[in-house]
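Residues in the sequence shown are numbered from 7 upward in steps of one, following this note's numbering. What follows is a short report on a single structure.
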Amino acid sequence: MSNAAILPMVQTLIEKMLTVKGNRMQRQILIKEEEIRAVLTEVREIFMSQPMLLEIRPPVRVCGDTHGQYYDLLRIFEKCGFPPYSNYLFLGDYVDRGKHSVETIVLQFCYKIVYPENFFLLRGNHECASINKMYGFFDDVKRRYNIKLFKAFTDVFNTMPVCCVISEKIICMHGGLSPDLTSVASVMDIERPCDVPDRGILCDLLWADPEDDVQGFLESDRGVSYLFGEDIVNDFLDMVDMDLIVRAHQVMERGYGFFASRQLVTVFSAPNYCGEFDNDAAVMNIDDKLQCSFLIIPAAK
């Protein structure tokens with residue numbers, strides 16, 4: 007299907023997926039398998055046509071984990087503007103744990119197809135087959151569709167970019183820094199399509215966490231990648247001549263939290279995460295002058 011042919015179908019699918027706005031039952035949406043396959047084929051081509059290291063200009067709204075919380079994703083768009091009214095950068099973890107992973111990732115991919123230069127999606131550690139088999143997305147797709155469709159999702163996840171630089175001064179990723187990240191350009195050396203390895207730059211960009219009481223890099227208690235200290239943040243920003251690291255990957259009570267004298271910020275965009283946390287969600291707004299502010303989506307009481 008050509009791009010010209012697929013756009014009307016994708017726009018119709020978006021309209022259908024938005025009809026549930028405000029639906030208190032939070033029902034699943036019936037999306038045909040052939041619609042999803044067409045979306046996956048097209049969005050994969052777009053990801054492969056854009057670099058592993060994105061470079062974009064503000065204004066942009068930056069969002070963290072959404073984890074299958076489709077109706078909360080709609081709340082974000084309602085508060086911040088539906089594409090293309092606002093530009094967006096999402097930092098990964100669209101699937102697993104929440105009740106509507108299929109809806110969440112399909113809507114995001116649809117917006118990527120319709121607005122490829124205004125809507126950006128980074129890969130998170132949950133855009134990975136082995137993680138999906140443990141935390142719900144595999145079971146969701148198998149139950150609603152089939153294993154072949156899950157493999158098609160995995161094939162797209164393996165092409166997604168992992169890092170984004172905003173106006174040469176703000177660097178964004180899902181997880182954190184890596185001892186192997188000796189220059190920003192080294193991200194471009196990661197070949198696609200690729201699964202997430204057990205170690206190395208790609209693993210760390212998706213898995214690493216900042217930690218207050220750590221100096222340098224320390225093996226993570228997650229069992230994957232590292233914890234890194236304030237000294238690593240300082241050294242990295244000096245090396246690349248940037249001002250701020252923006253990442254996701256950890257629940258924040260207020261939706262966001264600073265580290266290393268406000269040189270790193272964590273943004274988390276799934277309120278009431280898993281129904282187990284009483285956390286708010288946040289969206290980070292970066293304006294034309296690189297001034298940053300936060301919009302809070304409160305936890306539903």
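Note that beta-carbon positions come from the ideal geometry of N, C-alpha and C, so glycine has one too.
Restricted to the segment 217 to 251, the alpha helix (DSSP H) segments that are unbroken, complete and at least 4 residues in length are 236 to 246, listed in chain order. Between the beta-carbon of G181 and that of N131 there is about 6 Å, and that keeps the pair under the 8 Å contact cut. Taking A191 as reference, the option from Q269, Y279, I177 and V45 with the minimal CA-CA separation is I177. Annotation for N138: the continuous alpha helix (DSSP H) segment containing it runs A135 to Y141. For the pair Q297 and R150, the Cα-to-Cα distance works out to about 43 Å.
Counting only runs that start and end inside the segment 109 to 167, the beta strand (DSSP E) elements of at least 3 residues fall at 125 to 127.
Under the Cβ criterion (8 Å, minimum of three pairs), the segment 89 to 97 counts as touching the segment 118 to 137. Burial is judged here by how many other beta carbons sit within 10 angstroms of a residue's own beta carbon; F274 has at least 16 and is buried.
In this structure, the alpha-carbon of R67 lies about 16 Å from that of K175.
The segment 244 to 253 makes no contact with the segment 20 to 40: fewer than 3 CB pairs, one atom from each, lie closer than 8 Å. In terms of CA proximity to P14, Y117 leads the group E109, E282, Y117 and R63. The C-beta separation of V289 from C86 comes to about 5 Å, placing the pair in contact by the 8 Å criterion. Non-local beta-carbon contacts of A266 in its own chain, meaning distances under 6 Å to residues more than five positions away in sequence, involve E236 and V239 in chain order. Taking each of Y141, D219 and I119 in turn and checking the Cα distance to A11, the smallest one comes out for I119. The distance from the Cβ of P64 to that of D293 is about 6 Å, consistent with a contact at the 8 Å cut-off. With distances taken between CA atoms, R50 lies nearest to N164 out of E225, H73 and N164. Counting only residues of its own chain and dropping the five nearest sequence neighbours on each side, M54 has a CB closer than 7 Å to the CB of T165 and R198. If you check the CB distance, C209 and S231 come in under 9 Å. Residue range E39 to S55 is occupied by the alpha helix (DSSP H) that includes R50.
Using a 10 angstroms sphere on the CB of R33, the tally of other CB atoms stays under 16, which defines it as exposed.
Under the three-pair Cβ rule at 8 Å, the segment 137 to 155 does not count as touching the segment 218 to 234. Judged by their CB atoms, V171 and I62 are nearer to each other than the 9 Å cut-off.
With contacts defined as CB atoms closer than 9 Å, S92 and V101 fail to qualify as a contacting pair. Straight-line measurement puts the Cα of L301 at about 28 Å from the Cα of Y141. Taken in chain order, the whole beta strand (DSSP E) runs of length 3 or more contained in the segment 60 to 109 are 66 to 69 and 94 to 96. Within 10 angstroms of the beta-carbon of R81 lie 16 or more other beta-carbons, which makes it buried.
Our two residues, K105 and K139, have alpha carbons roughly 15 Å apart in a direct line.
Going by C-alpha positions, P89 is about 11 Å away from I20. Cβ contact annotation for P203 (same chain, cutoff 7 Å, sequence separation greater than five): C209, in chain order. Straight across, the Cα-Cα distance linking A44 with A276 is about 28 Å. Apart from the 5 residues on each side of it in sequence, I196 sits with its Cβ closer than 6 Å to the Cβ of M58 and L208 in its chain, given in chain order.
Under DSSP, V271 forms a beta bridge with V252 and F264.
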